[in-house]
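Remarks on the structure that follows.
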Amino acid sequence: MSTPGRIRIIGGTLRNSKLEVPDMPGLRPTPERVRETLFNWLQPVVEGARCLDLYAGTGALGIEALSRGASAATFVEREPRLAAALKANLARLKVAGEVVGDDASRWLRAAGRPFDLVLLDPPFALDAWAEAARALEEGGWLAPRAWIYVEAPRTAAFRLPDTWLPHRQGHAGDVAYALYRRTPADPLS
Numbered sequence: 058m059s060t061p062g063r064i065r066i067i068g069g070t071l072r073n074s075k076l077e078v079p080d081m082p083g084l085r086p087t088p089e090r091v092r093e094t095l096f097n098w099l100q101p102v103v104e105g106a107r108c109l110d111l112y113a114g115t116g117a118l119g120i121e122a123l124s125r126g127a128s129a130a131t132f133v134e135r136e137p138r139l140a141a142a143l144k145a146n147l148a149r150l151k152v153a154g155e156v157v158g159d160d161a162s163r164w165l166r167a168a169g170r171p172f173d174l175v176l177l178d179p180p181f182a183l184d185a186w187a188e189a190a191r192a193l194e195e196g197g198w199l200a201p202r203a204w205i206y207v208e209a210p211r212t213a214a215f216r217l218p219d220t221w222l223p224h225r226q227g228h229a230g231d232v233a234y235a236l237y238r239r240t241p242a243d244p245l246s
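Residue 152 in our numbering sits at position 95 of the sequence shown, and the numbers go up by one each step.
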């Protein structure tokens, strides 16, 4: 169990490493139990994956992916204190990762580069799932058969692209989480 201001990495080469987390209103790190479930689902595919932690917050999801063998991770976080803490945690853990201090919706308007694994967990108050999903799908941000993790309130209603096929899902309290597999519109991709 994590204590206030710290989050524990639960698996891989960084197992039991602690992430220092600033006290920020509205910050809602993904619980350990949910991260463990997600990365059990991803175990066969995370090795060597290029990962995008969109709306990174603490960066726990992306760092967990790096700990478990992802080849690269890009973290997008608009809040300067969280982006600085993320950079400090990566440096302290001696893990390479690109931290982008920008608003995710603005950043997604740039020319895309494909990621194999996308972690989509925006602040719940933003209601950004559908917009971010559309930008990821249309902007060239997803590899042809990418995996996309989505975390949202259980009561949230939004539409995801038809090319995102549900793979696994679960819930913890008021939070729903799901893993999708992208199936390209062009079957030859």
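Just so it is clear, CB atoms sit at the ideal spot from N, CA and C, and this is done for glycine as well.
Note that this is a predicted model, so its numbers are computed, not measured.
Residue environment, residue i, which counts as buried when at least 16 other CB atoms sit within 10 Å
i: E136; result: buried
i: F132; result: buried
i: R125; result: buried
i: A145; result: exposed
i: L99; result: buried
i: A161; result: buried
Distance CB(residue i)-CB(residue j) smaller than 9 Å
i: V103; j: L150; result: no
i: E155; j: I67; result: no
i: E134; j: A113; result: yes
i: F172; j: W198; result: yes
i: A130; j: R107; result: yes
i: E208; j: T115; result: no
i: Q226; j: L236; result: yes
i: L177; j: I205; result: yes
i: A140; j: G158; result: yes
i: L118; j: R138; result: no
i: L222; j: L111; result: no
Assigned secondary structure, residue i (DSSP; H/G/I helix, E/B strand, else coil)
i: G62; result: coil
i: A182; result: helix
i: G69; result: helix
i: W204; result: strand
i: L165; result: coil
i: R238; result: strand
i: A214; result: coil
i: R225; result: strand
i: D231; result: coil
Straight-line Cα distance separating residue j from residue i
i: W186; j: N73; result: 31 Å
i: E89; j: L95; result: 10 Å
i: E188; j: N97; result: 28 Å
i: P201; j: T240; result: 7 Å
i: L147; j: R191; result: 29 Å
i: R238; j: E195; result: 16 Å
i: M81; j: G62; result: 10 Å
Contact test: residue i Cβ vs the ligand COA heavy atom, cutoff 8 Å
i: A122; result: No copy of the ligand COA occurs in the structure displayed, which carries no ligand at all.
_My parser needs the beta strand (DSSP E) runs of 3 or more residues fully inside the region 71-153; what are they?_
75-77, 107-111 and 129-133
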